[in-house]
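Asks:
2 protein chains.
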Amino acid sequence: MPVLIVVIDGLSDRPVNGKTPLSVANTPNLDKMAEMGINGIMDTIAPGIRPGSDTSHLALLGYDPFKYYTGRGPIEAAGVGIEVKPGDIAFRVNFATVEGEGGIFDKTVVDRRAGRIQDTEELIKAIRENVKLPVEFLIEKGTGHRAALVLRGEGLSHEITDTDPKEVGKKVKQCKALSEDAAWTAEIVNEFMQKAHEVLENHPMNAEREKKGLPKANALLLRGAGVMPHIPSFEEKFGLKLAVIAATALIKGVGSIVGGDIITPEGATGNRNTDIGAKIRAAKEAIEKYDVVLLHFKATDELGHDKDFEGKKEFIERLDRHISELLGINIAKNCLIITADHSTPVKVGEHTADPVPVVILHEDVRTDEVRKFSEFEAYKGGLCRIRGMDLLNIALDLLNIAKKFGA
Amino acid sequence: MPVLIVVIDGLSDRPVNGKTPLSVANTPNLDKMAEMGINGIMDTIAPGIRPGSDTSHLALLGYDPFKYYTGRGPIEAAGVGIEVKPGDIAFRVNFATVEGEGGIFDKTVVDRRAGRIQDTEELIKAIRENVKLPVEFLIEKGTGHRAALVLRGEGLSHEITDTDPKEVGKKVKQCKALSEDAAWTAEIVNEFMQKAHEVLENHPMNAEREKKGLPKANALLLRGAGVMPHIPSFEEKFGLKLAVIAATALIKGVGSIVGGDIITPEGATGNRNTDIGAKIRAAKEAIEKYDVVLLHFKATDELGHDKDFEGKKEFIERLDRHISELLGINIAKNCLIITADHSTPVKVGEHTADPVPVVILHEDVRTDEVRKFSEFEAYKGGLCRIRGMDLLNIALDLLNIAKKFGA
Numbered sequence: 001m002p003v004l005i006v007v008i009d010g011l012s013d014r015p016v017n018g019k020t021p022l023s024v025a026n027t028p029n030l031d032k033m034a035e036m037g038i039n040g041i042m043d044t045i046a047p048g049i050r051p052g053s054d055t056s057h058l059a060l061l062g063y064d065p066f067k068y069y070t071g072r073g074p075i076e077a078a079g080v081g082i083e084v085k086p087g088d089i090a091f092r093v094n095f096a097t098v099e100g101e102g103g104i105f106d107k108t109v110v111d112r113r114a115g116r117i118q119d120t121e122e123l124i125k126a127i128r129e130n131v132k133l134p135v136e137f138l139i140e141k142g143t144g145h146r147a148a149l150v151l152r153g154e155g156l157s158h159e160i161t162d163t164d165p166k167e168v169g170k171k172v173k174q175c176k177a178l179s180e181d182a183a184w185t186a187e188i189v190n191e192f193m194q195k196a197h198e199v200l201e202n203h204p205m206n207a208e209r210e211k212k213g214l215p216k217a218n219a220l221l222l223r224g225a226g227v228m229p230h231i232p233s234f235e236e237k238f239g240l241k242l243a244v245i246a247a248t249a250l251i252k253g254v255g256s257i258v259g260g261d262i263i264t265p266e267g268a269t270g271n272r273n274t275d276i277g278a279k280i281r282a283a284k285e286a287i288e289k290y291d292v293v294l295l296h297f298k299a300t301d302e303l304g305h306d307k308d309f310e311g312k313k314e315f316i317e318r319l320d321r322h323i324s325e326l327l328g329i330n331i332a333k334n335c336l337i338i339t340a341d342h343s344t345p346v347k348v349g350e351h352t353a354d355p356v357p358v359v360i361l362h363e364d365v366r367t368d369e370v371r372k373f374s375e376f377e378a379y380k381g382g383l384c385r386i387r388g389m390d391l392l393n394i395a396l397d398l399l400n401i402a403k404k405f406g407a
Numbered sequence: 408m409p410v411l412i413v414v415i416d417g418l419s420d421r422p423v424n425g426k427t428p429l430s431v432a433n434t435p436n437l438d439k440m441a442e443m444g445i446n447g448i449m450d451t452i453a454p455g456i457r458p459g460s461d462t463s464h465l466a467l468l469g470y471d472p473f474k475y476y477t478g479r480g481p482i483e484a485a486g487v488g489i490e491v492k493p494g495d496i497a498f499r500v501n502f503a504t505v506e507g508e509g510g511i512f513d514k515t516v517v518d519r520r521a522g523r524i525q526d527t528e529e530l531i532k533a534i535r536e537n538v539k540l541p542v543e544f545l546i547e548k549g550t551g552h553r554a555a556l557v558l559r560g561e562g563l564s565h566e567i568t569d570t571d572p573k574e575v576g577k578k579v580k581q582c583k584a585l586s587e588d589a590a591w592t593a594e595i596v597n598e599f600m601q602k603a604h605e606v607l608e609n610h611p612m613n614a615e616r617e618k619k620g621l622p623k624a625n626a627l628l629l630r631g632a633g634v635m636p637h638i639p640s641f642e643e644k645f646g647l648k649l650a651v652i653a654a655t656a657l658i659k660g661v662g663s664i665v666g667g668d669i670i671t672p673e674g675a676t677g678n679r680n681t682d683i684g685a686k687i688r689a690a691k692e693a694i695e696k697y698d699v700v701l702l703h704f705k706a707t708d709e710l711g712h713d714k715d716f717e718g719k720k721e722f723i724e725r726l727d728r729h730i731s732e733l734l735g736i737n738i739a740k741n742c743l744i745i746t747a748d749h750s751t752p753v754k755v756g757e758h759t760a761d762p763v764p765v766v767i768l769h770e771d772v773r774t775d776e777v778r779k780f781s782e783f784e785a786y787k788g789g790l791c792r793i794r795g796m797d798l799l800n801i802a803l804d805l806l807n808i809a810k811k812f813g814a
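Keeping their order, the protein sequence lines are chains A and B. If you're matching positions, the first sequence starts at 1 in the working numbering and goes up one per residue. If you're matching positions, the second sequence starts at 408 in the working numbering and goes up one per residue.
#1: Looking at chain B, which residues of the region 12-38 of chain A have a Cβ within less than 7 angstroms of any of its Cβ atoms?
#2: Does any residue of chain B bring its CB to less than 9 angstroms from the CB of A/ARG113?
#3: Starting from the Cα of B/LYS691, find the closest Cα among B/ALA555, B/ILE670, B/THR434 and B/THR707 and give me that residue.
#4: Mapping the DSSP letters down to three states, classify A/LYS173 as helix, strand or coil.
#5: Determine the chain A residues that contact B/ALA809 at a beta-carbon separation under 7 angstroms, and present them in chain order.
#6: What are the residues in the region 469-496 of chain B lying within 8 angstroms of chain A by C-beta distance?
#7: Which two residues bound the contiguous alpha helix (DSSP H) that contains A/ILE257?
#8: By the criterion of Cβ-Cβ separation under 8 angstroms, what are the contact partners of A/THR97 in chain B?
#9: Using three-state DSSP, classify A/ILE141 as helix, strand or coil.
#10: When you compare each of B/ASP438, B/GLY813 and B/MET408 to B/ILE745 by their alpha carbons, which one comes out closest?
#11: In chain B, what lies closer than 9 angstroms to A/ASP301 by C-beta?
#12: Chain A beta carbons: is any one of them nearer than 9 angstroms to that of B/ALA650?
#13: Using CA coordinates, which residue listed in A/ILE49, A/ASP306, A/GLY73 and A/ASN94 is at the minimum distance from A/PRO229?
#14: Does B/LYS779 come within less than 9 angstroms of chain A when only Cβ atoms are used?
#15: According to the Cβ coordinates, are B/VAL500 and B/ALA554 closer than 9 angstroms?
#16: Which stretch, first to last residue, makes up the beta strand (DSSP E) that contains B/ARG523?
#17: Is it right to say B/PHE704 is buried, meaning 16 or more other beta carbons lie within 10 angstroms of its own, or is it exposed?
#18: Do B/PHE498 and B/LEU556 have their beta-carbon atoms positioned less than 9 angstroms apart in this structure?
#19: CB B/SER419 to CB B/ASP761, shorter than 9 angstroms?
#20: Report the neighbours of B/PHE812 on chain A: residues whose CB is nearer than 8 angstroms to its CB, in chain order.
#21: Counting only C-beta atoms, is A/LYS380 closer than 9 angstroms to chain B at any point?
#22: Throw me the rounded Cβ distance for the B/ASN446 and B/ASP727 pair, which I believe falls under 8 angstroms.
#23: Can you tell me where the beta strand (DSSP E) with A/LEU294 in it begins and where it stops?
#24: Under 9 angstroms between the Cβ atoms of B/HIS749 and B/GLY417?
#25: Return the residues of the region 333-357 of chain A that lie within a Cβ-Cβ distance of less than 8 angstroms from chain B, sorted by chain order.
#26: Taking B/GLU598 as the reference, give the member of B/MET443, B/ALA485 and B/VAL538 with the closest Cα.
#27: So which of A/LYS307, A/GLU235, A/ILE276 and A/ILE75 has the shortest CA-CA distance to A/TYR290?
#28: Which chain B residues are close to A/CYS384, counting only those with a beta carbon under 8 angstroms from its beta carbon?
#29: Could you work out which residue in A/ILE245, A/ARG113 and A/ARG116 is closest to A/ASP275 when comparing CA atoms only?
#30: Thinking C-beta only, is A/VAL346 closer than 9 angstroms to A/VAL135?
#31: Spatial neighbours of A/ALA243 within its chain, please: C-beta separation below 7 angstroms, excluding the five flanking residues on both sides.
#32: Could you tell me which of B/GLY507, B/GLN525 and B/ALA624 sits nearest to B/GLY576, measuring between CA atoms?
#33: At 7 angstroms on the CB atoms, spell out the chain B contacts of A/GLU375, in chain order.
#34: Take the Cβ of A/CYS384 as the centre, count every other Cβ of all protein chains shown within 10 Å, and call the residue buried at 16 or more, exposed below.
#35: As a quick exercise: from B/LEU734, B/ARG773, B/ARG778 and B/HIS769, pick the residue whose alpha carbon is nearest that of B/LEU803.
#36: Are the C-beta atoms of A/LEU60 and some chain B residue less than 9 angstroms apart?
Written out as structure tokens, the structure reads:
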């Protein structure tokens with residue numbers, strides 16, 4: 001009875017001379033699915049609301065983002081493997097290079113990514129061991145120069161400002177309270193900033209980097225503070241077991257905060273060089289063990305941000321070849337959904353609210369006349385226009401595991 | 408980057424022998440727009456909810472009418488130029504003719520419109536100067552026999568009944584409180600009714616009218632009490648500047664209460680004799696200065712209320728000829744929307760909830776196969792079925808000034 005939702009991040013577009021990467025891509029397998037299934041367009045949040053990948057994935061998993069989304073911090077922290085708990089304050093973190101005399105807030109940011117440092121494990125270990133705060137803290141490495149920080153304790157607030165000035169040539173910013181209740185949290189953050197700086201500045205690894213002419217990773221810049229919401233787990237909410245197959249921290253984070261198992265197969269990278277086949281194999285295995293499996297592909301979004309029409313088209317074609325394997329799934333037993341979390345038009349280079357195409361395959365769907373999986377055909381299908389929050393409910397209904405509301 | 412929303416009031420219909428005024432009208436320019444844009448149908452409030460022009464215009468401007476609509480009074484008062492403030496109690500007012508002995512509530516209404524009197528300026532001035540109440544009041548002339556009244560002060564309530572009996576041959580009604588808190592307000596209204604009657608009865612203008620055999624305008628009838636809501640201005644809500652081009656008090660009122668600038672060009676009348684060209688020229692000028700411009704045409708609604716199939720069709724054809732000028736708008740920069748606020752089918756003679764056609768023109772829309780602007784074609788378009796509250800969000804997304812929700 002499993003549901004497999006394939007989310008092709010930022011898949012859909014606005015037309016460029018009447019064409020989109022998806023509409024011109026040669027996609028016999030996706031088109032076959034359009035023919036086999038019921039098609040439509042979907043506003044993952046609501047018409048005209050530009051979705052983030054985090055808010056839209058919450059919606060696709062049946063969680064109202066207006067209720068549960070509290071900022072990127074907790075999701076990124078969960079995505080790098082921190083077990084974030086309700087009430088925790090989480091931040092996105094960059095290793096950075098600062099210069100100047102005095103304390104951390106007297107210094108100027110000269111590289112927001114510390115030369116795109118990769119090997120931060122030892123530095124993080126040193127911070128864990130040597131920084132002492134009045135509350136518990138957790139810090140975990142992300143990809144490259146990225147990390148995530150969590151503050152845990154009574155009386156903390158997320159109503160505080162970033163310490164990341166977001167521009168080089170500017171001084172590191174003091175954390176400020178945005179409400180009276182947050183004054184103590186801001187103090188703790190500033191204490192952390194100074195102590196982490198001292199530990200990093202004096203770390204032998206930075207002496208070595210200096211010798212090699214590399215920028216020192218001597219500061220942490222914090223942004224996107226958010227409090228971890230009280231969010232019911234997927235199992236509590238639906239009585240179902242969830243797996244999320246992804247390599248991108250943000251998507252892994254969404255899966256984690258709702259209590260799903262995260263699967264990142266060998267070779268899955270979260271970018272255009274990902275091993276598509278490995279991810280599809282992982283999905284086929286996962287539907288043997290889980291009730292709902294979300295399989296995420298990131299590269300289409302990246303190529304949309306890069307405004308790369310040809311690249312996006314080619315990735316879609318490559319994806320289509322691998323997706324043929326999903327045609328073997330038994331849709332008498334399973335429900336297979338192909339869709340996106342939002343549009344990332346190459347014309348815009350950013351997420352937009354243009355609805356995404358969606359096709360639902362199951363033996364019992366009312367098939368329609370759509371024969372091509374594209375922005376220009378999907379809206380003619382039998383689903384008309386739905387919302388992200390509806391999708392899982394529709395699938396669970398098709399599988400006859402939805403409960404009746406009323407008598 | 409402006410958005411121009413053309414609202415053709417009550418435009419759409421239910422079929423009469425399979426036809427509607429819009430579907431049989433010769434509208435080459437509207438049809439051209441259907442071809443150029445993305446089409447759909449729209450429930451301005453929600454499916455099956457019959458919209459007023461006030462509630463639907465609130466929704467079209469992005470304001471939830473279920474949250475912000477508190478009755479017609481405040482909107483009409485704003486529409487005639489009173490600067491209504493949150494907490495004010497506003498009424499729609501008719502000049503009327505009453506006869507009989509005793510006080511105002513002993514008298515009988517013999518003409519609810521005082522012979523459709525037009526020149527009420529002096530009478531209103533006399534009321535302003537001579538009626539004294541325990542609270543501040545403002546009164547302003549509307550069109551013809553109409554006016555608007557606002558009571559301003561602490562402790563006022565709108566939970567009171569009308570004094571307009573709404574039928575001739577009936578006595579003027581005492582205002583009654585519908586809740587305990589409203590007793591004092593009802594007293595003030597009744598005091599106003601009596602004092603206004605005395606001022607009018609003794610006004611030399613009424614002596615003159617009597618001599619000429621005209622019905623005296625010797626009473627004011629109040630209805631539609633509503634409290635002015637706390638409503639964020641359009642600029643606060645969207646950070647954008649709004650202009651509303653209209654001649655109808657109700658529409659001007661909606662524009663006013665959200666802080667928009669109201670433009671009523673010379674020759675714009677709010678009825679079938681309006682100078683369509685002048686309004687379209689005003690709209691083209693306004694999009695140079697404002698971010699969002701709503702251009703309203705009233706006559707289609709009036710002709711729907713009059714059950715005048717031919718008249719409605721002809722007005723639509725006349726409108727279409729002028730609308731050709733809007734085809735010159737640069738849709739790479741601007742977003743042009745043609746729609747209605749509700750249906751006013753000639754078959755019904757009243758507003759109905761039948762969805763309205765909508766077309767959105769912008770260089771980046773996913774164009775569809777709709778080639779005619781009509782009730783029978785619009786639903787086949789790429790927008791499918793949207794709601795009034797979505798419309799502005801969709802336009803702001805197209806213009807890339809929407810903010811992302813999430814990361």
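Ideal placement from N, C-alpha and C gives every residue a C-beta, glycine not left out.
Replies: Let me lay it out:
#1: ARG14 and PRO15
#2: Indexing the first sequence from 1 puts residue 113 of chain A at position 113. Taking Cβ atoms only, chain B never reaches closer than 9 angstroms to A/ARG113, which makes this a no.
#3: Stepping through the second sequence from its first residue, residue 691 of chain B is reached at position 284. When each option's Cα is compared against that of B/LYS691, the closest is B/ILE670.
#4: Here residue 173 of chain A is taken as the residue at index 173 of the first sequence, counted from 1. Residue state, collapsed to three classes: coil.
#5: Here residue 809 of chain B is taken as the residue at index 402 of the second sequence, counted from 1. Per Cβ cutoff of 7 angstroms: GLY48, ARG50 and ALA353.
#6: none
#7: What you label residue 257 of chain A is simply residue 257 of the first sequence in a count that begins at 1. Taken as a continuous stretch (DSSP letters only), the alpha helix (DSSP H) holding A/ILE257 covers 249-257.
#8: What you label residue 97 of chain A is simply residue 97 of the first sequence in a count that begins at 1. Per Cβ cutoff of 8 angstroms: no residues; A/THR97 is ~25 angstroms from chain B at best.
#9: Translated into positions along the first sequence, residue 141 of chain A becomes position 141. Residue identity differs from the one stated: residue 141 of chain A is Lys in this sequence, not Ile. Here A/LYS141 sits in strand by DSSP.
#10: Counting from one through the second sequence, the residue named residue 745 of chain B turns up at place 338. Nearest C-alpha to B/ILE745: B/ASP438.
#11: Walking along the first sequence from the start, residue 301 of chain A turns up at place 301. The premise fails here: A/ASP301 is roughly 12 angstroms from chain B at the closest Cβ pair, so nothing lies under 9 angstroms.
#12: For the purposes of this step, residue 650 of chain B is taken as residue 243 along the second sequence, with counting starting at 1. With 9 angstroms as the cut-off, B/ALA650 does not count as an interface residue toward chain A.
#13: The sequence position of residue 229 of chain A within the first sequence is 229, counting from 1. A/PRO229 has its Cα closest to that of A/GLY73, out of A/ILE49, A/ASP306, A/GLY73 and A/ASN94.
#14: Residue mapping note: residue 779 of chain B aligns to position 372 of the second sequence, counting from 1. B/LYS779 does not count as touching chain A.
#15: Translated into the one-based positions of the second sequence, residue 500 of chain B becomes position 93. Translated into the one-based positions of the second sequence, residue 554 of chain B becomes position 147. The answer is yes: Cβ separation under 9 angstroms.
#16: Numbered from 1 along the second sequence, position 116 holds the residue referred to as residue 523 of chain B. Careful: B/ARG523 lies outside any beta strand (DSSP E) and carries neither H nor E.
#17: As a working mapping, residue 704 of chain B is identified with position 297 in the second sequence. Counting Cβ neighbours within 10 Å, B/PHE704 comes out buried, since at least 16 surround it.
#18: Along the second sequence, one-based indexing puts residue 556 of chain B at 149. Along the second sequence, one-based indexing puts residue 498 of chain B at 91. Yes, Cβ-Cβ distance for B/LEU556 and B/PHE498 is below 9 angstroms.
#19: Taking the second sequence and counting its residues from 1, the one referred to as residue 419 of chain B is at position 12. Taking the second sequence and counting its residues from 1, the one referred to as residue 761 of chain B is at position 354. Yes, the Cβ-Cβ distance between B/SER419 and B/ASP761 is below 9 angstroms.
#20: Start at 1 with the first residue of the second sequence, and residue 812 of chain B comes out as number 405. Within chain A, the residues near B/PHE812 are ILE45, ILE49, ARG50, PRO51, GLY52, THR55, PRO65 and TYR69.
#21: Along the first sequence, one-based indexing puts residue 380 of chain A at 380. So yes, A/LYS380 belongs to the interface.
#22: Looking up residue 446 of chain B in the second sequence gives position 39. Looking up residue 727 of chain B in the second sequence gives position 320. About 16 angstroms; that fails the 8 angstroms criterion.
#23: Indexing the first sequence from 1 puts residue 294 of chain A at position 294. Taken as a continuous stretch (DSSP letters only), the beta strand (DSSP E) holding A/LEU294 covers 292-297.
#24: To locate residue 749 of chain B, count along the second sequence from 1; it is residue 342. To locate residue 417 of chain B, count along the second sequence from 1; it is residue 10. Yes, the pair counts as a contact, with Cβ atoms nearer than the cut-off.
#25: PRO345, LYS347, VAL348, GLU350, HIS351, THR352, ALA353 and ASP354
#26: Translated into the one-based positions of the second sequence, residue 598 of chain B becomes position 191. Comparing Cα-Cα distances from B/GLU598 to each of B/MET443, B/ALA485 and B/VAL538, the minimum goes to B/VAL538.
#27: Within the first sequence, residue 290 of chain A is the residue found at index 290, counting from 1. For the residues A/LYS307, A/GLU235, A/ILE276 and A/ILE75, the minimum Cα distance to A/TYR290 belongs to A/GLU235.
#28: As a first step, residue 384 of chain A must be located in the first sequence, where it is residue number 384. What A/CYS384 touches in chain B: CYS791 and ARG792.
#29: Here residue 275 of chain A refers to the residue found at position 275 when the first sequence is read from its first residue. For A/ASP275, the nearest C-alpha among the options comes from A/ILE245.
#30: Here residue 135 of chain A refers to the residue found at position 135 of the first sequence. Here residue 346 of chain A refers to the residue found at position 346 of the first sequence. No, Cβ-Cβ distance for A/VAL135 and A/VAL346 is not below 9 angstroms.
#31: Here the question's residue 243 of chain A lines up with position 243 in the first sequence. Here the set comprises GLY260, ASP261, ILE263, ALA286, TYR290 and VAL293.
#32: Within the second sequence, numbered from 1, the residue matching residue 576 of chain B stands at position 169. Nearest of B/GLY507, B/GLN525 and B/ALA624 to B/GLY576, Cα basis: B/GLY507.
#33: Position 375 of the first sequence, counting from 1, holds the residue named residue 375 of chain A. Residues of chain B passing the Cβ test: ARG773.
#34: Translated into the one-based positions of the first sequence, residue 384 of chain A becomes position 384. Exposed.
#35: Along the second sequence, read from residue 1 onward, the residue named residue 803 of chain B stands at position 396. That would be B/HIS769, whose Cα lies nearest to the Cα of B/LEU803.
#36: The residue labelled residue 60 of chain A in the question sits at position 60 within the first sequence. No - not a single Cβ of chain B is within 9 angstroms of the one on A/LEU60.
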